[in-house]
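Numbering (this note's numbering) for the sequence shown: 0 to 474. For glycine and all other residues, C-beta sits at the position ideal for the given N, C-alpha and C. Bear in mind the structure is a predicted one, so any value in this text is a computation, not a measurement.
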Amino acid sequence: MLVQKKSTCMLCSVGCEFIIETIDDEAVNLEYDKDNPVTGGVLCAKGNYMLELINHPLRLIEPQINGKVVDWNEAIRKTSDELLAHREKSDAGIILAGDASVEDAKTAELFAETCLGTGRLAIYFATGDDTVQKALTMASIPNRAAGLNDIGKSTCTIAVGNPFEVGPVIAGKVLKARYARRGNIFGVISNKENMTSRFATIHHYGNERKLLSQLLRVVADRSEGDELGLKKLIKELIPATENPDVVKLGEAFVKSPSSVLILETQDPVKAQLASAVVSVAGADKRLFCVNTYGNAKGICEAVKSTVSVNEIITAVDHGVIKTLIVLGTDIVKGIPGRNIEAVLEKLDFLAVGAPFGNETKQSANVIFPTALWLETEGIYNGKHLQPVIDPPGAALPYGDILRQLAEAMGKALPQVTPEPVEAPQQLNEETLRVILKESMETVPEPAVQSTVTQFADGSLTSNIQWLQLQERDAW
Ligand code: SF4
Numbered sequence: 000m001l002v003q004k005k006s007t008c009m010l011c012s013v014g015c016e017f018i019i020e021t022i023d024d025e026a027v028n029l030e031y032d033k034d035n036p037v038t039g040g041v042l043c044a045k046g047n048y049m050l051e052l053i054n055h056p057l058r059l060i061e062p063q064i065n066g067k068v069v070d071w072n073e074a075i076r077k078t079s080d081e082l083l084a085h086r087e088k089s090d091a092g093i094i095l096a097g098d099a100s101v102e103d104a105k106t107a108e109l110f111a112e113t114c115l116g117t118g119r120l121a122i123y124f125a126t127g128d129d130t131v132q133k134a135l136t137m138a139s140i141p142n143r144a145a146g147l148n149d150i151g152k153s154t155c156t157i158a159v160g161n162p163f164e165v166g167p168v169i170a171g172k173v174l175k176a177r178y179a180r181r182g183n184i185f186g187v188i189s190n191k192e193n194m195t196s197r198f199a200t201i202h203h204y205g206n207e208r209k210l211l212s213q214l215l216r217v218v219a220d221r222s223e224g225d226e227l228g229l230k231k232l233i234k235e236l237i238p239a240t241e242n243p244d245v246v247k248l249g250e251a252f253v254k255s256p257s258s259v260l261i262l263e264t265q266d267p268v269k270a271q272l273a274s275a276v277v278s279v280a281g282a283d284k285r286l287f288c289v290n291t292y293g294n295a296k297g298i299c300e301a302v303k304s305t306v307s308v309n310e311i312i313t314a315v316d317h318g319v320i321k322t323l324i325v326l327g328t329d330i331v332k333g334i335p336g337r338n339i340e341a342v343l344e345k346l347d348f349l350a351v352g353a354p355f356g357n358e359t360k361q362s363a364n365v366i367f368p369t370a371l372w373l374e375t376e377g378i379y380n381g382k383h384l385q386p387v388i389d390p391p392g393a394a395l396p397y398g399d400i401l402r403q404l405a406e407a408m409g410k411a412l413p414q415v416t417p418e419p420v421e422a423p424q425q426l427n428e429e430t431l432r433v434i435l436k437e438s439m440e441t442v443p444e445p446a447v448q449s450t451v452t453q454f455a456d457g458s459l460t461s462n463i464q465w466l467q468l469q470e471r472d473a474w
């Protein structure tokens, strides 16, 4: 019997919905959710890949020990024995992919605290989603997050960076809004020409930090009221700008009744400057932050006790960590500039969980087949998703694997219920001074990489490399 189930794309934070059709527990079709009031069923090329992800012939379906297929009991026992052997010295660590559900990320935090010790969990966000999200919680104001619908109705939209590349569905919404009425404005602030800037009515190339500071000064000069009491400080610290593009853009942003700033960046300072622009411009202005990882915001808000992936890798390199679990991400391919394979050789034991074969797996003693978000229940990007299909073979969600490992180590982990999220800190004078000081420093722009190749599991991404080409051709 044909069954239709809705789910959401997690290949960026736009969160487009779609329908997967199954017959006898086999995913047979991807349908556009045409009645969807927000997207009308539209998906970008990445979103169109959902059926391929589920059915890909390279999916891992059985646990393995040293290349030999085993059952879960053996794989868990072998790994828990290794963890227990190293526990006295606390020299074990875990790296979890940023495509986890909130519950699975919280379970990983609990697992690290209970079974490994503090400072042993890193969550992998290749594109700096985590630093941007942390920055936004330091300098934001509640209830200013825009949705896709807000973008579609905006009479003045400012994009920072290149959001059309990360979340192409945004382009449709922005352009619909831009052409809805003559005089609507779409401005882009970016360091160079890109896919997004080609559609701009006002575009200014240059240092994005500097341009955002200038924009902040313009909105402070032109907006009414001073709810946050920051205008005096802004005028004191940021010189008035003569840049006509920025002045025009700032004036329109303040004047338009439904302005939205779309932020695509890996730089926490730009994120805070953009948040300051929205905060100071007026209570009706909104911010839409585009993350490469669909659930980055949810994970960053829920999980606090993490270290960076680089800290874990450095600890392995220096012999401080001798046992490592890597779930859902290909760190060999995903950390540019370091010879990760050589570092992993220093480990006594490596367990790798992944939905597909990948290069990190080549160094693993134990391999766990893992489920995709489409095959698990959990909170992703603020939505409670149900699986559209069972995971293939013996594949399990990250959280189930960690609970089994903890149990084998004599520590039962509870099922995690996400807690209410703390409201972000309101932007204040002290934070603004720090932001503006940092904004004066010119930092090199990150190398432009395809967001497709940066997403989540390197194995997954190598399987969808063709999309990168397809997208480039399309643009
Ligand atoms: S825009 Fe983002 S969420 Fe929408 S289909 Fe594309 S990758 Fe998925």
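Helix, strand or coil, according to DSSP, for residue i in the structure here?
i, result
"Lys226", "Reading off the sequence, residue 226 comes out as Glu, not Lys. The answer is coil: DSSP assigns Glu226 none of H, G, I, E or B."
"Val387", "coil"
"Thr7", "strand"
"Ile201", "strand"
"Ala179", "helix"
"Asn193", "coil"
"Ile122", "strand"
"Asn65", "coil"
"Ala26", "strand"
"Met0", "coil"
"Gln453", "Low per-residue confidence applies at Gln453: pLDDT is 44, beneath 50, and the placement is therefore not dependable enough to give any value."
"Cys155", "strand"
"Thr130", "helix"
"Pro162", "helix"
"Ile184", "strand"
"Ser278", "helix"
Whose CA, out of the options, lies closest to the CA of residue i?
i, options, result
"Arg285", "Leu135, Ala295, Val365, Ser258", "Ser258"
"Asp329", "Cys114, Val319, Thr322, Leu343", "Leu343"
"Gly40", "Ile122, Lys332, Val168", "Val168"
"Gly151", "Thr38, Lys410, Ile434", "Thr38"
"Ser307", "Glu235, Asn357, Ser6, Ile122", "Ile122"
"Val13", "Ser189, Gly171, Ile188, Ala407", "Gly171"
"Pro162", "Lys67, Asn206, Gly66, Ile188", "Ile188"
"Leu349", "Leu42, Gln63, Asn290, Glu51", "Gln63"
"Ala158", "Leu262, Ala407, Arg402", "Leu262"
"Val218", "Asn47, Leu260, Val365", "Leu260"
"Arg197", "Leu174, Glu340, Arg180", "Leu174"
"Val420", "Lys303, His55, Pro267", "Lys303"
"Pro423", "Asp70, Glu164, Met137", "Met137"
"Ala393", "Asn364, Ala353, Thr305", "Ala353"
"Asn190", "Leu120, Gly118, Ser153, Thr264", "Thr264"
"Val415", "Gly409, Ala407, Leu401, Met408", "Leu401"
"Asn65", "Lys77, Asn72, Asn54, Pro335", "Lys77"
Measure the alpha-carbon distance for residue i versus residue j and round it to whole angstroms.
i, j, result
"Ala275", "Ala145", "15 Å"
"Asn338", "Glu108", "27 Å"
"Leu57", "Met9", "20 Å"
"Asp225", "Ser362", "57 Å"
"Lys234", "Gly381", "37 Å"
"Ser449", "Thr291", "A caution first: Ser449 carries a pLDDT of 42, below 50, which makes its placement in the model unreliable, though a value can still be read off. About 10 Å."
"Asn462", "Ala295", "At Asn462, the pLDDT of 47 sits below 50, so the modelled position is not reliable and the matter cannot be decided from this model."
"Arg216", "Lys45", "38 Å"
"Phe494", "Thr156", "This structure does not reach residue 494, given that the chain is present from 0 up to 474, and the question cannot be answered."
"Asn206", "Gly160", "11 Å"
"Thr240", "His202", "16 Å"
"Val2", "Phe17", "14 Å"
"Glu61", "Glu73", "12 Å"
Is the beta carbon of residue i sitting closer than 8 Å to the one on residue j?
i, j, result
"Lys4", "Ile19", "yes"
"Gly186", "Ala176", "no"
"Pro396", "Leu59", "no"
"Ile320", "Ile311", "yes"
"Leu248", "Glu428", "no"
"Val131", "Ser222", "no"
"Leu29", "Met49", "yes"
"Lys345", "Val351", "no"
"Leu435", "Ser212", "yes"
"Gln403", "Ile93", "no"
"Gly377", "Asp103", "yes"
"Pro413", "Ala301", "no"
"Leu135", "Ala26", "no"
"Leu52", "Leu373", "yes"
"Leu431", "Leu232", "yes"
"Val165", "Leu214", "no"
Residue i lies in the beta strand (DSSP E); which residues open and close that run?
i, result
"Leu211", "Leu211 -> not in any beta strand (DSSP E); alpha helix (DSSP H) instead, spanning 207-221."
"Arg285", "285-288"
"Val259", "259-262"
Going by DSSP, what residue range makes up the alpha helix (DSSP H) through residue i?
i, result
"Leu435", "428-439"
"Phe252", "243-254"
"Phe110", "101-110"
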